[in-house]
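Shown next, in structure tokens, is the structure this report addresses.
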Amino acid sequence: MTSQISRRGLLKTAALSSATLAMPRIALAADGFVNVYTGSDSNISDFWTNVILPGFRAVNADAKVRVVDAGDGAGLRAIADRAMAALGTSNDPQVDLFEAYTPDQTAGSIDAGLWVNFAEANVDGWGRVNPAAKQTDFDLPYRGSQVLLAYDATRVSAEDAPKTWDEMTAWIHANPGQFIYNRPDKGGSGGNFVRRAIHEANGRDPMKFTLANYSDAYAAETLPGAWGILNALAPSLYEGGSYSSGNTQSIQLLAQGVVTMTPVWSDQVLQALNMGVLPETTGLVQLQDLALCGGFSRITVPTNASHQDVAMQLVNYVLSEEVQSKIITELGGFPGVSWDHVDAALREKYKDVIPASIPTFPGGDWDAAINDGWYRYVAPGISRG
Amino acid sequence: MTTLASPDRSIRKGGQAKRHGRGLTGLLLVSAPVMLLGWLIIYPIFNAIGRTLFVKGDAGVRFGFDSYHQFLTDGYSLSNLWLTLWVTAVCAALLMATCLPLALYLRFAKSRVAALVQGLALFPMFVPSVILAYALIRTIGPNGAVDLVLNAVGLPKINSPYLTPWGPIIGLVWDNIPLTTLMLVAGLGGVSDNAVEAARDAGARHFALLRHIILPQIGNAMLVVLSFTVLSIFSAFTLPYVLGPASPEMMGPFMQRTFSQVLDTRMAVTQAVITFIICAGFGAFYVRSIAKNREARR
Numbered sequence: 001m002t003s004q005i006s007r008r009g010l011l012k013t014a015a016l017s018s019a020t021l022a023m024p025r026i027a028l029a030a031d032g033f034v035n036v037y038t039g040s041d042s043n044i045s046d047f048w049t050n051v052i053l054p055g056f057r058a059v060n061a062d063a064k065v066r067v068v069d070a071g072d073g074a075g076l077r078a079i080a081d082r083a084m085a086a087l088g089t090s091n092d093p094q095v096d097l098f099e100a101y102t103p104d105q106t107a108g109s110i111d112a113g114l115w116v117n118f119a120e121a122n123v124d125g126w127g128r129v130n131p132a133a134k135q136t137d138f139d140l141p142y143r144g145s146q147v148l149l150a151y152d153a154t155r156v157s158a159e160d161a162p163k164t165w166d167e168m169t170a171w172i173h174a175n176p177g178q179f180i181y182n183r184p185d186k187g188g189s190g191g192n193f194v195r196r197a198i199h200e201a202n203g204r205d206p207m208k209f210t211l212a213n214y215s216d217a218y219a220a221e222t223l224p225g226a227w228g229i230l231n232a233l234a235p236s237l238y239e240g241g242s243y244s245s246g247n248t249q250s251i252q253l254l255a256q257g258v259v260t261m262t263p264v265w266s267d268q269v270l271q272a273l274n275m276g277v278l279p280e281t282t283g284l285v286q287l288q289d290l291a292l293c294g295g296f297s298r299i300t301v302p303t304n305a306s307h308q309d310v311a312m313q314l315v316n317y318v319l320s321e322e323v324q325s326k327i328i329t330e331l332g333g334f335p336g337v338s339w340d341h342v343d344a345a346l347r348e349k350y351k352d353v354i355p356a357s358i359p360t361f362p363g364g365d366w367d368a369a370i371n372d373g374w375y376r377y378v379a380p381g382i383s384r385g
Numbered sequence: 386m387t388t389l390a391s392p393d394r395s396i397r398k399g400g401q402a403k404r405h406g407r408g409l410t411g412l413l414l415v416s417a418p419v420m421l422l423g424w425l426i427i428y429p430i431f432n433a434i435g436r437t438l439f440v441k442g443d444a445g446v447r448f449g450f451d452s453y454h455q456f457l458t459d460g461y462s463l464s465n466l467w468l469t470l471w472v473t474a475v476c477a478a479l480l481m482a483t484c485l486p487l488a489l490y491l492r493f494a495k496s497r498v499a500a501l502v503q504g505l506a507l508f509p510m511f512v513p514s515v516i517l518a519y520a521l522i523r524t525i526g527p528n529g530a531v532d533l534v535l536n537a538v539g540l541p542k543i544n545s546p547y548l549t550p551w552g553p554i555i556g557l558v559w560d561n562i563p564l565t566t567l568m569l570v571a572g573l574g575g576v577s578d579n580a581v582e583a584a585r586d587a588g589a590r591h592f593a594l595l596r597h598i599i600l601p602q603i604g605n606a607m608l609v610v611l612s613f614t615v616l617s618i619f620s621a622f623t624l625p626y627v628l629g630p631a632s633p634e635m636m637g638p639f640m641q642r643t644f645s646q647v648l649d650t651r652m653a654v655t656q657a658v659i660t661f662i663i664c665a666g667f668g669a670f671y672v673r674s675i676a677k678n679r680e681a682r683r
């Protein structure tokens, strides 16, 4: 009997002590850490942890910054929803900065005043930001990347590498099974390839698509042409119309010599080349009639962030010449500021690859329409049913 | 060491012990998981069904089956559902075909090799499916290890299952071998050596032994195995996502994409409810077989 009581007592104490142990964990959110949420690949969160944050100590030695990986865009959206729900209440949204998020992904958030207006917020670097990259005043493009075609130079010579969409189409048909692009929702390299087809079907005019001009009717008018173009390519793609499930998988197929050509992100392919995943004999080419789309990653800061002051210091630091130059050298990306505001030596070194302009495609409602349309009208294909 | 000692007898004893007293303690112990079940599973189910049936519009709340109608008349969604059912059926058949012989061997073999085979059969349990997916790409994927070996001996390459429905099937079968084998071995534990030996003495061949002595006794276990594998394969995500074709998609990736990419939450929930109803059917099989088992033992 006594042993039983003491066992119960023990259980009770154990339960109590574990509850008290759990308490400081629950309260961790208010522990003074500045939370930076990212949905990007690990090369980006590594860049923040290993490059940006150590450098930031020179600006603010006391700030404790934590980089949290939200997984993907949907993960970030959930965190943004939490911030939106906390708006107007005294609750801490537990997020101070989004590494790559756009305000349009949370419906009504701009009107509700969820995001810091960078144009009015006295951000030193706002004037240096590349005007072509700006979308709204509530998101701050801080790094860019473009999609290129990567090819096996042992099988295609640099002169024969396609320079226009038509040359590329001809090459794909002449070399059946040697080209693959990934599903547009699973990674930007395939996604922007599909968007380039949309440009092709609409007179190669990126200005025709804006964040604001989406409507179901306009999409029904502009997108089917692209589905036709992509369906025509399908029989000559890898396995008669297979699509890899992400940026990395496309690079893997190129690395294994399964395909000869695939669209890739510039930063990712440069990293793959540096790490030896892709051989030295990998060629890169950009279409000259209209480049494949690129994209900028945009920082957003919620107005109800509990460490907004530190978040804004961080924003200023990220736009500094120091970090922007490292985005080129360490990340293989493009700066978010105009090229005049990066290290002069770098500007000289990269002057041949600096794109005059990177066409971009708006996100928002277009994303859903393009991705779902592609799955319905292109992915099923003809040969694979 | 009485030869008639069957596992049933000890269970009957345990059952009687439970019935005598301690009822309240039992209820208290079971209340925590039941409450968790109610909160985290039962409530979300009804919440989900409600969200698909009732829509908040400008003119108040509206009731309708339109999202189900939309799903059932949409050829694209239906082909995804058929693919999922087909993959599940093929996987279940392949699992039975590989795991039953394996389980029979593990049950009746007494050699040291059996321990090694058991270790190998359980190995997939400790491999996360993402790792498995990438390993499969490197082995049976295009220009993978198998192709390299075949090429070295002058044979043609294999027709790689990567990015076809057979990719996830191979992965899912591999992934589910341990659990299926374990459950079948447990079921075979109920088959007494004596019954088998008696049948052998009476001149039963291997096949007759299997058909008349073993299978009738493990029918229940096989039903449980089938419902378990169907449930886990039906809701598979990682392997179809990485190894499968872009279209048709299995329900797991399809639901995720509808939810997070198409941003059509109501349709995503509708897909989930339909998936759930099909899985609940198999779940009912399992519950029924367990209940029948209890009844038989009483």
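Order-wise, the sequence lines are chains B and G. Under the numbering used here, the residue at position 351 of the first sequence is numbered 351, and the numbers go up by one with no gaps. Heads up: take any position in the second sequence, counting from 1, add 385, and you land on the numbering used here. Glycine is no exception: its CB is placed at the ideal position from the N, C-alpha and C atoms. Treat the numbers as computed from the prediction; the structure is a model and nothing was measured.
Based on Cα-Cα distance, which residue from the options lies nearest to residue i?
{"i": "G/W559", "options": "G/F644, G/L457, G/L425, G/C476", "result": "G/C476"}
{"i": "G/I555", "options": "G/S496, G/A518, G/S645, G/P563", "result": "G/A518"}
{"i": "B/A291", "options": "B/F118, B/F98, B/F361, B/D62", "result": "B/F361"}
{"i": "B/Q286", "options": "B/I44, B/N247, B/F193, B/S242", "result": "B/F193"}
{"i": "B/V68", "options": "B/V59, B/A61, B/W48", "result": "B/W48"}
{"i": "G/F493", "options": "G/K677, G/A571, G/N536", "result": "G/A571"}
{"i": "G/R651", "options": "G/R436, G/A584, G/S416, G/L412", "result": "G/R436"}
{"i": "B/P131", "options": "B/D81, B/D365, B/P359, B/W374", "result": "B/P359"}
{"i": "G/L616", "options": "G/P541, G/A474, G/G588, G/P418", "result": "G/A474"}
{"i": "B/G55", "options": "B/A345, B/Q313, B/A153, B/G39", "result": "B/Q313"}
{"i": "B/D216", "options": "B/L270, B/V59, B/W366", "result": "B/W366"}
{"i": "B/V258", "options": "G/A589, G/V446, G/L533, G/A587", "result": "G/L533"}
{"i": "G/V531", "options": "G/I543, G/P630, G/G539", "result": "G/I543"}
{"i": "B/A345", "options": "B/E167, B/R195, B/E321", "result": "B/E321"}
Mind checking if residue i is an interface residue toward chain G, Cβ cutoff 9 Å exclusive?
{"i": "B/S320", "result": "no"}
{"i": "B/D96", "result": "no"}
{"i": "B/I198", "result": "no"}
{"i": "B/P380", "result": "yes"}
{"i": "B/Y37", "result": "no"}
{"i": "B/A388", "result": "Given a span of 1 to 385 for chain B in the structure shown, any question on residue 388 of chain B remains unanswerable."}
{"i": "B/N192", "result": "no"}
{"i": "B/A77", "result": "Note on identity: in this sequence residue 77 of chain B is Arg, with Ala being the wrong assignment. Yes, its Cβ sits closer than 9 Å to a Cβ of chain G."}
{"i": "B/Q178", "result": "no"}
{"i": "B/Y218", "result": "no"}
{"i": "B/A249", "result": "Rather than Ala, the amino acid found at residue 249 of chain B in this sequence is Gln. So, interface residue."}
Which residues of chain B have a Cβ atom closer than 7 Å to the Cβ of residue i, listed in chain order?
{"i": "G/R642", "result": "D185"}
{"i": "G/Y626", "result": "S245"}
Please tell me whether residue i has its Cβ less than 9 Å away from any Cβ of chain B.
{"i": "G/I522", "result": "yes"}
{"i": "G/I555", "result": "no"}
{"i": "G/G629", "result": "yes"}
{"i": "G/T655", "result": "no"}
{"i": "G/S632", "result": "yes"}
{"i": "G/I514", "result": "One detail in the question is off: residue 514 of chain G reads as Ser in this sequence, not Ile. So no, G/S514 is outside the interface."}
{"i": "G/S464", "result": "yes"}
{"i": "G/F670", "result": "no"}
Can you pull the chain G residues whose beta carbon is under 9 Å from the beta carbon of residue i, in chain order?
{"i": "B/A368", "result": "Q646, V647, L648, D649"}
{"i": "B/N43", "result": "Those do not exist, as B/N43 stays about 18 Å from chain G at its closest Cβ, beyond 9 Å."}
{"i": "B/D372", "result": "R642, T643, Q646, V647, D649"}
{"i": "B/S242", "result": "Y547, L548, T549, P630, A631"}
Run down chain G in chain order and give the residues with a C-beta less than 8 Å from the C-beta of residue i.
{"i": "B/L253", "result": "P527"}
{"i": "B/Y375", "result": "Y461, A631, S632, E634, R642"}
Can you pull the chain G residues whose beta carbon is under 7 Å from the beta carbon of residue i, in chain order?
{"i": "B/E348", "result": "What B/E348 touches in chain G: nothing, since even the nearest Cβ is about 40 Å away."}
{"i": "B/E239", "result": "L548"}
Who are the near neighbours of residue i in its chain, counting only those whose CB is closer than 6 Å to its CB and skipping five residues on each side?
{"i": "B/A369", "result": "A219"}
{"i": "G/S612", "result": "F667, F670, Y671"}
{"i": "B/R143", "result": "S297, I327, G333, G336"}
Return the chain-ordered list of same chain residues with a C-beta closer than 7 Å to the C-beta of residue i, the five sequence neighbours on each side being excluded.
{"i": "B/R128", "result": "L319, V337, S338, H341"}
Can you name, in chain order, every residue of its own chain whose Cβ lies under 8 Å from the Cβ of residue i, other than the five neighbours on each side?
{"i": "G/D649", "result": "T643"}
TODO: With 7 Å as the limit, tell me which residues of the segment 540 to 552 of chain G have their beta carbon closer than that to any beta carbon of chain B; keep them in chain order.
DONE: L548
Task: chain G contacts made by the segment 257 to 270 of chain B, where a contact means CB separation under 7 Å - done: G257, V258
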